[in-house]
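Each residue of the sequence shown is one higher than the one before, counting from 1 in UniProt numbering.
For reference, the structure is listed below as structure tokens.
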Amino acid sequence: MAAHGPARKMTARPGGPLTGTAQVPGDKSISHRSLILGAMAVGETRVSGLLEGQDVLDTAKAMAALGAEVTRLDDGAWSVHGVGVGGFAEPEDVIDCGNSGTGVRLIMGAVATSPIAVTFTGDASLRSRPMGRVTDPLALFGARTVGRAGGRLPLTLVGAEAPVPVDYATPMASAQVKSAVLLAGLNAPGQTVVTERTGTRDHTERMLRGFGAEVETIRTDDGFRITLTGQSELRPQTIAVPRDPSSAAFPVCAALIVPGSDVLVPNIGLNPTRAGLFGTLQEMGADLIYENLREEGGEPVADLRARFSPDMKGIAVPPERAASMIDEYPILSVVAAFAEGETVMSGVHELRVKESDRIDAMAVGLRACGVTVDETEDSLTVHGCGPGGVPGGAEAAARLDHRIAMSFLICGMAAKSPVSVDDAAPISTSFPDFERLMGALGATLEREDA
């Protein structure tokens with residue numbers, strides 16, 4: 001079984017150029033946070049452009065189960081009537097976060113300083129992922145967890161009855177951990193501080209300020225120090241969610257490797273903590289330009305135009321860039337397979353604890369497609385075959401991971417022979433319109449039920 005239904009095999013076949021405009025979904029990170037912060041505000045928050053993939057819908061259900069009123073309006077926008085900081089009610093049933101590590105970890109943070117007990121679970125992929133990285137710092141506030149060995153789901157989190165503020169240095173570069181601690185700090189007295197050696201995506205800090213929380217970020221010799229003043233009332237907001245740069249990566253990268261392609265991907269969020277992939281592609285020689293640069297809702301936005309780029313060269317991606325493109329390494333490794341020379345991706349150990357072990361998943365699948373790949377615990381090196389040089393002709397295991405599935409389907413659009421994935425169903429968690437959108441650009445995708 002797939003993450004959300006029967007397994008569904010899909011095959012991508014090489015074909016003609018990809019052309020047109022790709023309207024990708026709303027940003028997943030901002031969508032999750034809009035619902036959670038809206039539920040913690042007093043009054044109605046309206047959200048347009050929300051990503052309606054399964055991950056975000058599971059977060060919407062969770063907010064409703066915790067007492068917020070969450071409604072999809074006739075015009076496609078979403079309304080969230082919040083319960084205020086500390087106002088969550090104990091849910092009557094288990095909170096099922098499906099495939100979403102972001103959803104479950106942020107929700108754990110949001111409820112950790114309320115005196116309620118919440119049981120969390122998810123699909124097979126999510127139940128295999130480590131939660132100790134979040135539950136350990138939440139315990140410093142006074143929260144307790146009961147569950148499986150190793151801190152994996154399902155588990156029950158019992159919120160602190162008398163929370164205390166926390167000063168926490170994150171041991172890994174993780175926006176999810178940072179965000180969980182900051183959300184917990186909202187209902188703790190005094191100041192909660194998070195220090196991270198490497199800056200991670202800062203949507204939570206930006207959105208907290210927008211909702212009226214007092215948040216200060218300063219750069220220090222140790223990295224970044226984020227200070228949040230707790231027990232403030234959040235004000236409801238009107239939010240227009242920009243389009244997701246992680247989803248934009250797929251049509252952009254497809255256009256770069258399929259001969260003759262020219263694709264416009266409008267309204268993409270270019271938050272500097274998220275846009276590492278696009279700069280990396282430009283360094284490789286990609287014909288990728290930003291058009292109509294602007295700012296919307298405090299976030300930089302642009303239209304991306306990507307054209308076939310036969311002269312791309314492999315590079316060594318700086319390890320300090322990993323936090324700004326951690327979700328994009330799978331599709332980058334596909335682009336690297338169609339470039340000349342070696343592309344070295346280091347400092348990427350975090351990929352091993354995503355929806356799947358993404359280093360291993362991409363290495364195994366690319367080798368099956370005829371690409372030479374080296375891996376270590378913390379790196380992935382792809383030896384490029386040049387434009388049009390990837391043999392293909394393989395079936396890759398998606399491993400219940402939407403980004404692995406989409407990456408190999410993009411590979412099949414430019415390889416010499418078709419590439420299949422054993423299960424494309426997980427794609428619905430983040431990019432439910434992927435098949436239709438890519439088909440409209442000219443891609444040949446064929447599905448069959450397993």
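Glycine included, every Cβ here is placed at the ideal spot set by N, Cα and C.
Only a predicted model underlies this, so the values are computations on that prediction, with no experimental measurement involved.
**Item:** Own chain partners of Glu-435 with C-beta closer than 6 Å, once the 5 adjacent residues on each side are dropped
**Value:** Translated into positions along the sequence shown, residue 435 becomes position 435. Spatial neighbours of Glu-435 in its own chain (CB-CB distance under 6 Å, excluding positions within 5 residues in sequence) are listed in chain order as Leu-445.
**Prompt:** If you drop the 5 nearest sequence neighbours on each side, which residues of the same chain put their C-beta closer than 7 Å to that of Ser-309?
**Reply:** Within the sequence shown, the letter at position 309 stands for residue 309. The beta carbon of Ser-309 lies closer than 7 Å to those of Leu-256, Gly-285, Ala-286 and Asp-287 in the same chain, with the five residues before and after it left out.
**Prompt:** Between the C-alpha atoms of Gly-109 and Leu-351, what's the straight-line distance to the nearest angstrom?
**Reply:** Translated into positions along the sequence shown, residue 109 becomes position 109. Translated into positions along the sequence shown, residue 351 becomes position 351. For Gly-109 and Leu-351, the distance between alpha carbons rounds to 22 Å.
**Prompt:** For Arg-105, which three-state DSSP category applies?
**Reply:** The count along the sequence shown starts at 1 and reaches residue 105 at position 105. Arg-105 falls in the helix class under three-state DSSP.
**Asked** What first and last residue would you give for the alpha helix (DSSP H) that runs through Phe-278?
**Response** Taking the sequence shown and counting its residues from 1, the one referred to as residue 278 is at position 278. In this chain, the alpha helix (DSSP H) harbouring Phe-278 covers 276–283.
**Message:** To the nearest angstrom, how far is the alpha carbon of Met-1 from that of Glu-216?
**Reply:** Taking the sequence shown and counting its residues from 1, the one referred to as residue 1 is at position 1. Taking the sequence shown and counting its residues from 1, the one referred to as residue 216 is at position 216. Unreliable placement is indicated for Met-1, whose pLDDT of 36 sits below 50; no coordinate value is reported for it.
**Asked** Pairing CB atoms from the segment 33–53 with CB atoms from the segment 14–21, are three or more of them under 8 Å?
**Response** No: fewer than three Cβ pairs fall under 8 Å.
**Prompt:** Which of the three DSSP states, helix, strand or coil, is assigned to Ala-450?
**Reply:** Residue mapping note: residue 450 aligns to position 450 of the sequence shown, counting from 1. Because Ala-450 sits at a pLDDT of 48, beneath the cut-off of 50, its placement in the model cannot be relied upon, and the following sentence gives the value as read from the coordinates. If DSSP states are grouped into helix, strand and coil, Ala-450 belongs with coil.
**Message:** Could you tell me the alpha carbon to alpha carbon distance between Val-258 and Gly-384, rounded to whole angstroms?
**Reply:** Position 258 of the sequence shown, counted from the start, is the residue given in the question as residue 258. Position 384 of the sequence shown, counted from the start, is the residue given in the question as residue 384. Between Val-258 and Gly-384, the C-alpha separation is close to 15 Å.
**Prompt:** What's the gap between the Cα of Val-382 and the Cα of Gly-388?
**Reply:** Along the sequence shown, one-based indexing puts residue 382 at 382. Along the sequence shown, one-based indexing puts residue 388 at 388. Those two C-alpha atoms are separated by around 15 Å.
**Prompt:** Is Asp-374 helix, strand or coil when you go by DSSP?
**Reply:** Within the sequence shown, the letter at position 374 stands for residue 374. If DSSP states are grouped into helix, strand and coil, Asp-374 belongs with the strands.
**the segment 354–374 / the segment 312–322 touching (three or more Cβ pairs under 8 Å)** = Counting Cβ pairs under 8 Å, fewer than three are found: no touch.
**Item:** Neighbour-count burial assignment, Pro-14, 16 or more Cβ in a 10 Å radius
**Value:** What you label residue 14 is simply residue 14 of the sequence shown in a count that begins at 1. Buried: at least 16 other Cβ atoms inside 10 Å.
**Message:** Here's a check: name, in chain order, each residue in its chain whose Cβ is nearer than 6 Å to the Cβ of Leu-281, leaving out the five neighbours to either side.
**Reply:** If you number the sequence shown from 1, residue 281 lands on position 281. Answer for Leu-281: Leu-288, listed in chain order.
**Prompt:** What are the partner residues of Arg-201, as DSSP defines its beta bridges?
**Reply:** One-based indexing of the sequence shown puts residue 201 at position 201. The partner list for Arg-201 (beta bridge, DSSP) is empty, contrary to what the question assumes.
**Item:** Closest Cα partner of Ala-175 within the set Thr-156, Val-158, Arg-206 and Pro-318
**Value:** Translated into positions along the sequence shown, residue 175 becomes position 175. Ranked by Cα distance from Ala-175, the options Thr-156, Val-158, Arg-206 and Pro-318 are led by Arg-206.
**Asked** Can the beta-carbon of Gly-273 be found closer than 7 Å to that of Asp-327?
**Response** As a position in the sequence shown, residue 273 is number 273, starting the count at 1. As a position in the sequence shown, residue 327 is number 327, starting the count at 1. Note on identity: in this sequence residue 273 is Thr, with Gly being the wrong assignment. No, these two residues do not count as a Cβ contact at 7 Å.
**Beta-bridge pairing of Lys-9 - partner residues as DSSP gives them** = Translated into the one-based positions of the sequence shown, residue 9 becomes position 9. Residue pairing for Lys-9: DSSP places it in a beta bridge opposite Glu-448.
**Asked** Are the beta-carbon atoms belonging to Thr-59 and His-32 less than 7 Å from one another?
**Response** Taking the sequence shown and counting its residues from 1, the one referred to as residue 59 is at position 59. Taking the sequence shown and counting its residues from 1, the one referred to as residue 32 is at position 32. Cβ atoms of Thr-59 and His-32: closer than 7 Å.
**Message:** Please state the DSSP three-state secondary structure of Arg-367.
**Reply:** One-based indexing of the sequence shown puts residue 367 at position 367. Arg-367 falls in the helix class under three-state DSSP.
**Message:** Distance check for Ile-95 and Ala-3, CA to CA, integer angstroms please.
**Reply:** Indexing the sequence shown from 1 puts residue 3 at position 3. Indexing the sequence shown from 1 puts residue 95 at position 95. Per-residue confidence for Ala-3 stands at a pLDDT of 44, beneath the threshold of 50, marking its modelled position as unreliable; the derived number appears in the next sentence. When rounded, the separation of the alpha-carbon atoms in Ala-3 and Ile-95 is 16 Å.
**Message:** Less than 6 Å between C-beta atoms, sequence neighbours within five positions excluded: which residues of the same chain meet that for Arg-144?
**Reply:** On the sequence shown, position 144 is the one that residue 144 refers to. Excluding positions up to five away in sequence, the list reads Val-158.
**Message:** Using a Cβ distance threshold of 8 Å, determine whether the segment 47–59 contacts the segment 211–225, with at least three qualifying pairs required.
**Reply:** No, the segment 47–59 is not in contact with the segment 211–225.
**Item:** Opposing strand residues paired with Gln-191 [DSSP bridges]
**Value:** Along the sequence shown, one-based indexing puts residue 191 at 191. DSSP, once it has assigned bridges, lists Thr-229 as partnering Gln-191.
**Request:** Measuring alpha carbon to alpha carbon, tell me which of Asp-357, Pro-418, Val-419 and Asp-423 ends up nearest Ser-128.
**Result:** By 1-based counting over the sequence shown, the position of residue 128 is 128. Nearest C-alpha to Ser-128: Asp-357.
**Message:** According to DSSP, simplified to helix, strand and coil, what is Phe-250?
**Reply:** The count along the sequence shown starts at 1 and reaches residue 250 at position 250. Taken through DSSP and simplified to helix, strand or coil, Phe-250 comes out as helix.
**Asked** What residues in its chain sit with their C-beta under 6 Å from that of Thr-121, if we drop five residues either side in the sequence?
**Response** On the sequence shown, position 121 is the one that residue 121 refers to. Val-94, Asp-96, Leu-153 and Pro-154.
**Item:** Beta-carbon separation (whole angstroms), Ile-404 vs Pro-330, contact threshold 8 Å
**Value:** Looking up residue 404 in the sequence shown gives position 404. Looking up residue 330 in the sequence shown gives position 330. Contact between Ile-404 and Pro-330 holds, with the beta-carbon distance rounding to 6 Å and staying under 8 Å.
**Request:** Tell me, please, whether the segment 97–117 touches the segment 332–349 by the rule of three or more beta-carbon pairs shorter than 8 Å.
**Result:** Taking a contact to require three or more Cβ pairs closer than 8 Å, the segment 97–117 and the segment 332–349 do not qualify as touching.
**Prompt:** Using DSSP with H/G/I as helix, E/B as strand and the rest coil, what is Glu-161?
**Reply:** The sequence position of residue 161 within the sequence shown is 161, counting from 1. Three-state DSSP puts Glu-161 in coil, outside helix and strand.
**Request:** To the nearest angstrom, report how far apart Asn-99 and Asp-433 are at their CA atoms.
**Result:** As a working note, residue 99 is residue 99 in the sequence shown. As a working note, residue 433 is residue 433 in the sequence shown. In this model, Asn-99 and Asp-433 are separated by some 17 Å (Cα to Cα).
**Item:** chain C within 7 Å of Ala-255, Cβ atoms only
**Value:** Considering every chain present, this structure includes no chain C. It has just one protein chain.
**Request:** Could you round the C-beta distance between Gly-103 and Ser-430 to whole angstroms and report it? I think they count as a contact, below 8 Å.
**Result:** What you label residue 103 is simply residue 103 of the sequence shown in a count that begins at 1. What you label residue 430 is simply residue 430 of the sequence shown in a count that begins at 1. About 11 Å; that fails the 8 Å criterion.
**Request:** Starting from the Cα of Gly-76, find the closest Cα among Gly-365, Gly-86 and Val-241 and give me that residue.
**Result:** On the sequence shown, position 76 is the one that residue 76 refers to. Cα-wise, what sits closest to Gly-76 is Val-241.
**Request:** In the DSSP assignment, find the beta strand (DSSP E) that holds Ile-289 and state where it starts and stops.
**Result:** The residue given as residue 289 occupies position 289 in the sequence shown. For Ile-289, the enclosing beta strand (DSSP E) starts and ends at 287–296.
**Prompt:** How long is the line joining the alpha carbons of Met-413 and Thr-376, rounded to whole angstroms?
**Reply:** Against the sequence shown, residue 413 aligns to sequence position 413. Against the sequence shown, residue 376 aligns to sequence position 376. The alpha-carbon of Met-413 is positioned some 28 Å away from that of Thr-376.
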